[in-house]
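Here is the structure we will look at.
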Amino acid sequence: MSLPAITWLCYAVPAYLLWPVVFRFRYGRSPLADRFPPRDLYSTVDFLLALCLIGYSAWIVLGPPPAPISTATGLGLFGTGFLLRVWAVISLGPHWRIGQDTHDATTSFVSTGPYRFLDHPINTALILVAIGQSLMTGLDARAMFLLAFSVVYFFAQAGAESRYWAQRRRSRAGRADGP
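Residues 30 to 208 in the working numbering are what the sequence shown lists, from first letter to last.
Given below as structure tokens:
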């Protein structure tokens with residue numbers, strides 16, 4: 030198995046498979062806010078990301094060996110993205126979700142950890158991981174697929190999340206100003 034396949038699986042398995050199970054046991058509820066089939070644009074983009082990640086996982090494990098551009102730089106960016114994601118998820122604690130549930134009153138806006146510096150560190154982490162993977166695979170089609178979707182995902186979901194939290198702040202402020 031190639032280094033990009035190993036690094037990717039070390040990122041994807043804990044991030045998308047292991048942590049949701051740990052979250053369920055630790056906080057007593059599922060972190061999955063999205064329903065299937067997706068009912069809105071946000072959930073559809075999350076579902077497409079899941080398909081992208083599954084496709085990339087199969088492609089990187091089963092595909093031809095890569096011809097790296099820079100393994101060291103790729104590992105550095107990958108590691109930075111990996112650590113940023115871990116830091117962000119730990120900072121979110123019980124407020125972490127996969128997807129958005131507008132009726133979930135148990136989540137709160139988090140502004141600690143990497144959220145002091147970045148609005149969307151988990152999405153930023155995925156882009157850093159994708160760039161690292163790209164350098165380790167030599168910018169092949171697999172890497173470009175993951176990188177392109179990571180950037181599209183960042184802009185689509187970051188905008189939706191920013192609007193969601195802004196609306197919640199406005200509605201809370203409206204209740205505080207009310208009679």
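Beta carbons: idealized from backbone N, C-alpha and C, even for Gly.
Remember, it's a predicted structure, so these values are computed and weren't measured experimentally.
Through-space distance from residue j to residue i, alpha-carbon basis
i    : j    : result
R197 : S191 : 10 Å
V42  : I83  : 11 Å
Y71  : W125 : 16 Å
T166 : R199 : 45 Å
I119 : H149 : 14 Å
R114 : I151 : 5 Å
F52  : A134 : 17 Å
P143 : L176 : 22 Å
T36  : R201 : 43 Å
L77  : T102 : 28 Å
G188 : V181 : 11 Å
S179 : S140 : 23 Å
M30  : L38  : 11 Å
L32  : R55  : 32 Å
A96  : R68  : 40 Å
V158 : A44  : 12 Å
G110 : T100 : 15 Å
A195 : R145 : 16 Å
Minimum C-alpha distance to residue i - residue among the options
i    : options                   : result
A154 : G108, V50 and A101        : G108
A79  : L46, S120, A189 and V90   : L46
S59  : P123, A187 and P33        : P123
W88  : L164, A195, L112 and M173 : M173
L147 : L164, A117, G161 and S163 : A117
W48  : S137, I127, R145 and V158 : I127
Q162 : L61, W194, A62 and Y85    : Y85
Y40  : A62, I156 and Q186        : I156
L61  : T136, I98, G105 and A195  : T136
F184 : V74, W194, L121 and I160  : V74
I160 : G57, F138 and G105        : G105
L164 : I98, Y193 and Q186        : I98
Where the alpha helix (DSSP H) containing residue i begins and where it ends
i    : result
M165 : P150 to T166
D75  : L70 to L91
I98  : Neither: I98 is in no alpha helix (DSSP H) and is coded neither H nor E.
T36  : L32 to A41
R53  : W48 to Y56
Original post:
Is the segment 86-93 touching the segment 165-181, taking contact as three or more C-beta pairs under 8 Å?
Top reply: yes
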